[in-house]
Structure formats: structure tokens, C-alpha cells
Amino acid sequence: MQLDKQMLFFKALGDPTRMKILHLLSSGPLHGQAVAERLGLTSPTISHHLSKLRESGAIIARREKNTIYFTLNDKAIRQNVSGLLTMLEKKKEEKQSMEEKEKIIKNFFDQEGRLKTIPAQRKKKLYVLAFLASQLEIGKKYTEKEINLIIQRYHEDFATIRREFINHQFMFRNEGIYELNPPEMWLGINE
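For the sequence shown, the positions run 1 to 191 when UniProt numbering is used.
1. Quick check: the stretch 38-51 against the stretch 75-92, are at least 3 beta-carbon pairs closer than 8 Å?
2. Would you list the residues sitting across from L50 in a DSSP beta bridge?
3. If you draw a straight line from the alpha carbon of M7 to that of T67, how long is it in whole angstroms?
4. Can you confirm whether the stretch 120-139 touches the stretch 98-105 when touching is taken to mean that 3 or more C-beta pairs between the two stretches lie within less than 8 Å?
5. Buried or exposed: which applies to H23, given that a residue is buried once 16 or more other Cβ atoms fall within 10 Å of its Cβ?
6. Would F170 pass as a contact of W186 if the rule is Cβ separation under 7 Å?
7. Roughly how many whole angstroms lie between the Cα atoms of E112 and Q152?
8. Can the beta-carbon of L136 be found less than 7 Å from the beta-carbon of L88?
9. Is DSSP giving R114 helix, strand or coil here?
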């Protein structure tokens, strides 16, 4: 599993001695005895740490005759760090998106929670529709009259909003009965 590999990698880097070993290897390949001498540690201790780094994929071992040289595994290090950075960037984008969504909702709804105007811009309209759709119950079947009454609490043009719900797949309509689709199906929201 990818998550298990990532956990093993970052767990291996969580030890100060292993980080020192990586810093030493950043200058080039070294054998275990050279690493032990430079860090002032015993060979068994260094062997243990080198073994953990190899298991994590952070270093690669290469044998030359009777000596094993260790080098950084640049590709694995870049992949793991890149994966973490990508996750952090995604989290940052999600936070910005939430802040933007909240700002749009605040701008288009008055103090009483009524929609001032239906946004013309697609992105803003989708945020507003998603907010309105979130006021409905998933799995509940609504008649057209019930949907109209619910929408009228927020805006007088219930016909336009009801049509937008269908057009953007917030809701499904069959023989005059309306049902909320799962949020994953809502057009534009998860794009």
C-alpha cells in the first residue's frame, strides 16, 4: 500500500542519526564503516540505521567486491516529499475554496437568509445552488409544490431555481417528483 510505504519512509526519517546519515550521503556514496567513523558510532548501530533507511527506500545499497556502498535514493525521496507537498497544497486550495464559497454565500444572501439575486456568473451560481440544495434532505422525495415552498423561503423565483437544480444535476425529476442527487453528481461543484 502506498500509505504504508509513505509512513515507513517518514518514520525512518524521524530519527536524528538517520537524518545525519542522509546528510552524509548527500555528498556521495559511502560504505558503512566510513559512516560509523564520521558519526562516531559503532558499526552495529550504523548497520541498524542503514537497514531502516534501506527498508524505507531512502537509500540504495550497491556492492563492490567485499564492500557495500550506500547512496541516496533521490527518486524515492522526491516522490515521498512531493506527495506530502501535494497533499499540503491540496489542503490549502480546499481551504481557499471554502473561504471563497463562504464569501460568495455571504454576498448573495441577506441578513434573513434570503437570496438577493441569482448570480449570473456560473461559478457563483453553482455555489449558491449547492447552498440551497444542502437545505434539502437526501433521499426524501418532494412534490413540485413542496420544492416550490422550500425555494420560496429563499427567493421568489422558485421556477428558475428549480430548473437550475435539474439543469446542474442537483436534483432528479421523475413524473413531478423531485429528489436530491448525491453531492458527487452536482455539476461543476467537484470539477
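Glycine residues also receive a C-beta, built at the ideal position from the N, C-alpha and C atoms.
Note that the structure is a prediction, hence the values are computed from the model and not measured.
Checking against the coordinates, here is how it stands:
1. no
2. Along the sequence shown, one-based indexing puts residue 50 at 50. According to DSSP, which records beta bridges pairwise, L50 is partnered with nothing at all.
3. Taking the sequence shown and counting its residues from 1, the one referred to as residue 7 is at position 7. Taking the sequence shown and counting its residues from 1, the one referred to as residue 67 is at position 67. Cα to Cα, M7 sits roughly 30 Å from T67.
4. yes
5. The count along the sequence shown starts at 1 and reaches residue 23 at position 23. Result: exposed.
6. Within the sequence shown, the letter at position 170 stands for residue 170. Within the sequence shown, the letter at position 186 stands for residue 186. Yes; because the gap between Cβ atoms is below 7 Å, this pair is in contact.
7. The residue you call residue 112 lines up with position 112 of the sequence shown. The residue you call residue 152 lines up with position 152 of the sequence shown. Computed Cα separation, rounded: 13 Å.
8. Against the sequence shown, residue 136 aligns to sequence position 136. Against the sequence shown, residue 88 aligns to sequence position 88. Taking 7 Å as the Cβ cut-off, L136 and L88 do not qualify as a contacting pair.
9. Looking up residue 114 in the sequence shown gives position 114. Correct three-state label for R114: coil.
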